[in-house]
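Asker:
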Amino acid sequence: MSYYSSKHPGLYLYISLVIISVLSFLFSDMGAAQIGMLTIFWGIFTALRTLTLYEISEHYEAYANNGDVSKNNNSQPSALAYDLMHRMNSSRNMKRGMLALSCLHERTILWFLLALIYTAFQLHTLSSELSKSALMEDMSIFFIIGATFWAGQSYAYSAKISRMLLFMLSTLFLLSLSILKSDFSFDMLYPALSQTAFLDFSNPQIILVILTLYSVAILLFALVQNNKSAGNIILGICLVALLSAFHLILEPSREATALWISGWGMFAIFWVRSYGTREKRYVLYQCE
Amino acid sequence: MRFADPLHSRRGAFLFIALFSCLQITIGFFLINGNGRDSVLSSSSIETAQLIRSEIIQGSSYIADAQTIINHGNKPTINEDTFASLANAIEPASGGEGIENNNEAELENEQNIETKKLIESLSTLSTINYREK
Chain A
1 MSYYSSKHPG
11 LYLYISLVII
21 SVLSFLFSDM
31 GAAQIGMLTI
41 FWGIFTALRT
51 LTLYEISEHY
61 EAYANNGDVS
71 KNNNSQPSAL
81 AYDLMHRMNS
91 SRNMKRGMLA
101 LSCLHERTIL
111 WFLLALIYTA
121 FQLHTLSSEL
131 SKSALMEDMS
141 IFFIIGATFW
151 AGQSYAYSAK
161 ISRMLLFMLS
171 TLFLLSLSIL
181 KSDFSFDMLY
191 PALSQTAFLD
201 FSNPQIILVI
211 LTLYSVAILL
221 FALVQNNKSA
231 GNIILGICLV
241 ALLSAFHLIL
251 EPSREATALW
261 ISGWGMFAIF
271 WVRSYGTREK
281 RYVLYQCE
Chain B
289 MRFADPLHSR
299 RGAFLFIALF
309 SCLQITIGFF
319 LINGNGRDSV
329 LSSSSIETAQ
339 LIRSEIIQGS
349 SYIADAQTII
359 NHGNKPTINE
369 DTFASLANAI
379 EPASGGEGIE
389 NNNEAELENE
399 QNIETKKLIE
409 SLSTLSTINY
419 REK
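Just so you know, the sequences run in chain order A and B.
Taking this note's numbering, the leading residue of the first sequence gets 1, the next gets one more, and so forth.
Taking this note's numbering, the leading residue of the second sequence gets 289, the next gets one more, and so forth.
In structure tokens, the structure reads:
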């Protein structure tokens with residue numbers, strides 16, 4: 001799974017894991033053992049993806065100093081062509097890697113901190129009602145959703161792959177919605193939106209509201225900075241608003257997890273594409 | 289080539305994600321092995337356990353009554369009301385919901401008749417013992 005031996009390291013594994021997770025939660029009676037199995041798969045995948053990104057970050061220093069190819073091979077015949085080809089290829093790979101590292105930006109780390117606080121708050125609230133095993137199952141489900149969101153950001157480095165991921169995740173999202181349409185209950189919407197609910201700090205949903213507002217604020221800030229990604233930003237804001245509304249009106253269940261996995265996976269693409277960096281291409285062909 | 293945002297110094301984030309992944313893998317193994325399975329019984333298991341418990345309690349009360357009658361010859365605790373409720377309880381289910389096979393239904397009816405005979409003989413025996421005293 002080395003970054004340099006594969007064109008898109010782990011991408012098909014990520015797609016397979018998302019499809020298996022969503023379909024399992026939708027169509028299978030998920031017990032503790034099945035959730036444990038999925039958690040192990042996602043844990044191994046996340047650890048491997050972390051190693052890949054770490055490899056990129058370690059190679060950055062050498063690459064930023066123009067690498068060692070030019071210095072070693074300049075004396076050989078056709079060194080210029082070889083050097084150019086090598087630099088173009090490695091530049092493309094390194095650019096993908098650097099865009100993949102956007103999933104570790106400060107704004108994303110803060111997003112995950114808020115999500116962790118929400119998870120811990122909710123588990124603390126439920127700890128008196130649920131057993132240890134049920135709490136571990138809930139924690140695993142939160143981890144699967146978070147891993148989908150984080151790894152989805154790391155793969156949205158090109159427009160082609162982003163479109164492919166969006167197509168797959170939106171299909172799964174619509175499939176989940178069509179199956180779960182009978183589980184929506186609007187009775188919880190009005191009490192949740194009342195003024196007393198927003199002032200009740202013992203309610204874990206307050207962290208979810210903060211998380212949603214933070215996401216919208218970051219996307220609006222990106223809209224001010226970069227108008228070229230306006231489409232991604234507006235779609236991201238609409239999606240996060242839709243997901244927040246679903247959190248309020250959808251009864252928590254195993255099937256609802258499929259909706260969160262596909263929905264937050266889709267949001268990851270819009271989130272990271274809102275800050276897409278654009279650099280000048282001519283620097284690739286500069287010679288020393 | 290210059291990159292706008294060099295991220296090579298974020299080793300803490302890498303370490304945190306790797307450790308969290310390892311923690312989740314451990315939790316996954318715990319869930320697979322069934323550790324902490326204190327309230328994960330399925331509803332069918334709970335119903336079966338409750339049914340077995342009620343049957344044991346009911347059976348032990350009958351045995352205690354029978355032993356009391358045989359050993360001491362006291363007045364039987366199976367009075368007419370108890371006998372009627374017992375007879376109603378062992379009546380075969382009507383409506384054809386539970387028994388579809390005719391052979392099985394006949395076999396069950398035979399067993400019920402035998403049980404009724406047993407209870408009748410038991411009550412007769414206890415009445416005789418009571419009169420003799």
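Glycine residues also receive a C-beta, built at the ideal position from the N, C-alpha and C atoms.
#1: Could you check whether ALA217/A and ILE233/A sit closer than 9 Å to each other, using their CB atoms as the reference points?
#2: Check the Cβ of ALA268/A against every Cβ in chain B and list those closer than 9 Å, keeping chain order.
#3: State the beta-bridge partners of LEU250/A as determined by DSSP.
#4: Take ASP326/B and list the residues in its own chain whose beta-carbon comes closer than 6 Å to its own, dropping the five residues that flank it on each side.
#5: Given that a residue counts as buried once 16 or more other Cβ atoms are within 10 Å of its Cβ, and exposed if not, what is GLY347/B?
#6: Determine, using beta carbons only, whether LEU319/B and MET136/A come nearer to each other than 9 Å.
#7: If you check the beta carbons only, do GLY265/A and PHE143/A fall under 9 Å apart?
#8: Would you say SER349/B lies against chain A (beta-carbon separation less than 9 Å)?
#9: If you check the beta carbons only, do SER133/A and ALA258/A fall under 9 Å apart?
#10: Please indicate yes or no: does the CB of THR314/B lie closer than 8 Å to some heavy atom of the ligand PLP?
#11: Taking the alpha carbon of PHE308/B as the reference point, which residue from ALA156/A, GLY146/A, ILE206/A has its own alpha carbon closest?
#12: Taking LEU26/A as the reference, give the member of GLY231/A, LEU175/A, PHE267/A with the closest Cα.
#13: Helix or strand or just coil, what does DSSP make of ARG163/A?
#14: Helix or strand or just coil, what does DSSP make of GLY43/A?
#15: Roughly how many angstroms lie between the CA atoms of ASN56/A and MET88/A, to the nearest whole one?
#16: Determine which residues of the segment 139-151 of chain A have a Cβ less than 7 Å from any Cβ of chain B, and write them out in chain order.
#17: Spell out whether any CB of chain A is found under 9 Å from the CB atom of ILE407/B.
#18: Is ILE401/B close to chain A? Criterion is C-beta to C-beta, closer than 9 Å.
#19: Would you report the Cα separation of ASN321/B and GLN355/B, rounded to the nearest angstrom?
#20: Compare the C-alpha of TYR157/A against each of TYR275/A, ILE15/A, ILE40/A and name the closest.
#21: Who are the near neighbours of MET1/A in its chain, counting only those whose CB is closer than 7 Å to its CB and skipping five residues on each side?
#22: Report the CB separation of ILE249/A from PHE184/A in whole angstroms; it is logged as a contact under 8 Å.
#23: Report the rounded CA-to-CA distance for SER16/A versus ASP83/A, giving the unit in angstroms.
#24: Expressed to the nearest angstrom, what Euclidean distance is found between the alpha-carbon atoms of PHE267/A and LEU239/A?
#25: Pop quiz: PHE317/B and ILE141/A are said to be a contact at Cβ under 8 Å. What is the actual Cβ separation, rounded to whole angstroms?
#26: With a 10 Å radius around its C-beta and 16 neighbouring C-beta atoms as the bar for buried, classify GLN122/A as buried or exposed.
#27: Could you work out which residues of chain B lie near MET136/A, taking near to mean beta carbons separated by less than 7 Å?
#28: Whole-angstrom Cβ separation of TYR155/A and LEU165/A, contact assumed at under 8 Å?
#29: Indicate whether TRP271/A and LEU219/A have their beta-carbon atoms separated by less than 9 Å.
#30: Does DSSP classify LEU406/B as helix, strand or coil?
#31: Mapping the DSSP letters down to three states, classify SER21/A as helix, strand or coil.
#32: What residue does the alpha helix (DSSP H) around LEU126/A start on, and which one ends it?
#33: Going by CA-CA distance only, name the one from ASP29/A, SER28/A, SER244/A, LEU38/A that's closest to VAL18/A.
#34: Residue range of the alpha helix (DSSP H) that GLY316/B falls in?
Answerer: Once the coordinates are examined:
#1: no
#2: Ordered by position in chain B, no residue passes the 9 Å Cβ test against ALA268/A, which lies about 15 Å from the chain.
#3: PHE184/A
#4: Note that ASP326/B scores a pLDDT of 49, beneath 50, so its modelled location is shaky and nothing firm can be said.
#5: Counting Cβ neighbours within 10 Å, GLY347/B comes out exposed, since fewer than 16 surround it.
#6: yes
#7: Taking 9 Å as the cut-off, the beta carbon of GLY265/A is found no closer than this to the beta carbon of PHE143/A.
#8: no
#9: no
#10: This structure lacks the ligand PLP; in fact it carries no ligand of any kind.
#11: GLY146/A
#12: LEU175/A
#13: helix
#14: helix
#15: Reading off the sequence shown, one finds Ile at residue 56/A, where the question assumed Asn. The alpha-carbon atoms of ILE56/A and MET88/A are separated by roughly 17 Å.
#16: Listed by position, the residues of the segment 139-151 of chain A near chain B (Cβ gap below 7 Å) are MET139, SER140, PHE143.
#17: no
#18: no
#19: 46 Å
#20: TYR275/A
#21: Annotation note: pLDDT 45 at MET1/A (below 50); position unreliable, no value reported.
#22: 5 Å
#23: 37 Å
#24: 7 Å
#25: In fact, because the Cβ distance is near 16 Å, the residues do not count as touching under 8 Å.
#26: buried
#27: In chain order: ILE315, PHE318, LEU319, GLY324.
#28: At roughly 6 Å, the Cβ-Cβ gap stays under 8 Å, so TYR155/A and LEU165/A are in contact.
#29: yes
#30: For LEU406/B, the secondary structure class from DSSP, reduced to helix, strand or coil, is helix.
#31: Here SER21/A sits in helix by DSSP.
#32: 106-126
#33: Here the closest residue by C-alpha is LEU38/A.
#34: Under the DSSP assignment, GLY316/B falls in the alpha helix (DSSP H) whose first and last residues are 299-321.
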